[in-house]
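Here the working numbering is used: the first residue of the sequence shown is 5, the next is one more, and so on. Where a beta carbon is used, it is the ideal one built from N, C-alpha and C, also for glycine. It should be emphasised that the depicted structure is a prediction, and the values quoted were computed from it without experimental measurement.
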Amino acid sequence: ELGNLANADKYFDQALAITRAKGSKGESWLSFELVMRSNRMLDQGDLKEARRSLQEALSIATRTSDNSQRASVFESRGDIGLEEDRLAQAARQYEQALAIQAERGDAGAVAGIRLDLGMLAIGQGDPKRAESVAREALELARKDRNAESESSAEMVLASALLAQGRYLEAAKEIENARSIWRKEHPQFDILILEARIDAALNKTEQGEKSLNDVIAAATKTGQVRYVFMARLALGECEMKSGKATAGRVRLTALQKDAKVKGFNLIARKAAAAAKA
C-alpha cells in the first residue's frame, strides 16, 4: 500500500518460510499462501513465477485432497491463460474450477468463476453472454448482501455493456461498482474501466487524468499488470481525443513491453488499437 514492494515481498517470503517449516501440519495453509503468491506475481508481471507457485500449490492440494484449493489453482491458472491470450486454455481452467466448486455446493465461488467466464466471453467477442452471466451474479450478490461480489458483477456488466456500445448504461453500472468502495480508494480496475467508459462518452480529458493517476500509483506499488491495462486504456483514449500520433506511439511501445512480459492479450489489443 505504501509502495515499498521490497519489504512486502520480504515479509511474504518470511511467512512462506514459517509455514513450510511446519511440514505436513501447515500444508493446507501453504497451498493457500502459494495461490496468493501467484496472484501477486501476476500483478507484478512475473507470469513464470506465478505458474511455478500454482504448480506447487496444486501438488499440495491434490496430495491433501483439498478441493477448495484445487479450484483456486485452476481459477488462477485461468487468469494467467487469459493474460497470455490463450483463451481456450483459460476456458478449460475456469471450467475445471467451476465443476469443483459446483460439486462442493459453494454458490458464491460458482458465481465468481462464472464472472471470470463472462470476461472471457467479452474477449471472445460475445459480450451478450457476459451480460447475462453478470446480471445473474449481480442478483445473487444482492440477495446475499455480498458487497465484493456485487462490485465484481457490476464491473463485468459494465464491461459487457461497453463492448456493446451501450455507454450510458455502462456508466451507470461502473458508478454502482465504485460506490461500493470508499470513494478515495477505489480499485485500479474500477478506475480503468470508468476511464474507458468516459472516453467512449467523449469525456476524454477526465479519462486521461484518471488513467495517468493510475499509472503513477500502480508503478509505485509495482503492479505491472495494472500499469499495462491503464496504458492500453490511455492509448485508446488518446486515439479518440485527436491525439492519434501520441496514442500510436504509446500503444506501439506498450505492445512491445507487454509482449516481453507475456501479457499477449494486452499486446494484441494494443496492436489493434494502434491501427484503428
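Closer than 6 Å: residue i CB and nearest the ligand NAD heavy atom
i, result
"alanine 162", "Ligands are entirely absent from the displayed structure, and the ligand NAD is therefore not among its contents."
Chain-order list of residues whose beta-carbon lies under 8 Å from that of residue i (same chain, five-residue window excluded)
i, result
"leucine 46", "Ala54, Ser80, Asp83, Ile84, Glu87, Arg229"
"arginine 200", "Leu166, Gly211, Ala237, Glu240, Cys241"
"valine 39", "Ser57, Leu58, Ala61, Gln73, Ser76, Val77, Ser80"
Simplified DSSP assignment, three categories, for residue i
i, result
"glutamine 210", "helix"
"lysine 292", "Outside the shown range of the chain (5 to 280) lies residue 292, about which nothing can therefore be said."
"threonine 225", "coil"
"asparagine 8", "coil"
"asparagine 216", "helix"
"arginine 149", "coil"
"glutamate 88", "coil"
"lysine 26", "coil"
"leucine 205", "coil"
"glycine 112", "helix"
"glycine 2", "Only positions 5 to 280 of the chain appear in this structure, which leaves residue 2 out of reach."
"glutamine 97", "helix"
"glutamine 105", "helix"
Other residues of its chain near residue i: CB distance less than 7 Å, five sequence neighbours each side excluded
i, result
"asparagine 150", "Gly112"
"leucine 62", "Arg74, Val77"
"isoleucine 126", "Ala134, Ser163, Ala164, Ala167"
"alanine 65", "Ser35, Gln73, Arg74, Val77"
"threonine 23", "Gly30, Trp33, Leu34, Glu37"
Cβ neighbours of residue i in the same chain (closer than 6 Å, five flanking residues each side left out)
i, result
"glycine 122", "Ala134, Val137, Ala138, Val160"
"alanine 106", "Val114"
"serine 153", "Ala145"
"methionine 233", "Ile196"
"alanine 278", "Arg252, Leu255, Thr256"
"alanine 175", "Ile201"
Inter-residue Cα distance where the pair is residue i and residue j
i, j, result
"leucine 172", "phenylalanine 78", "35 Å"
"arginine 235", "glycine 169", "21 Å"
"alanine 21", "valine 253", "44 Å"
"alanine 276", "glutamate 198", "21 Å"
"threonine 68", "glutamate 31", "8 Å"
"serine 35", "alanine 19", "13 Å"
"lysine 207", "lysine 29", "55 Å"
"glutamate 188", "threonine 225", "Only weak support is given to the placement of glutamate 188: the predicted model assigns it a pLDDT of 47, under 50, and the value that follows is read from those uncertain coordinates. Roughly 17 Å separates the two Cα atoms."
"aspartate 50", "alanine 141", "31 Å"
"asparagine 180", "lysine 26", "44 Å"
"leucine 91", "glutamine 128", "8 Å"
"glycine 109", "arginine 41", "26 Å"
"alanine 204", "aspartate 70", "45 Å"
"alanine 221", "aspartate 193", "12 Å"
For residue i, the first and last residue of its enclosing alpha helix (DSSP H)
i, result
"arginine 182", "171-184"
"asparagine 268", "268-278"
"threonine 68", "Note, threonine 68: premise wrong, no alpha helix (DSSP H); not H, not E."
"arginine 41", "31-48"
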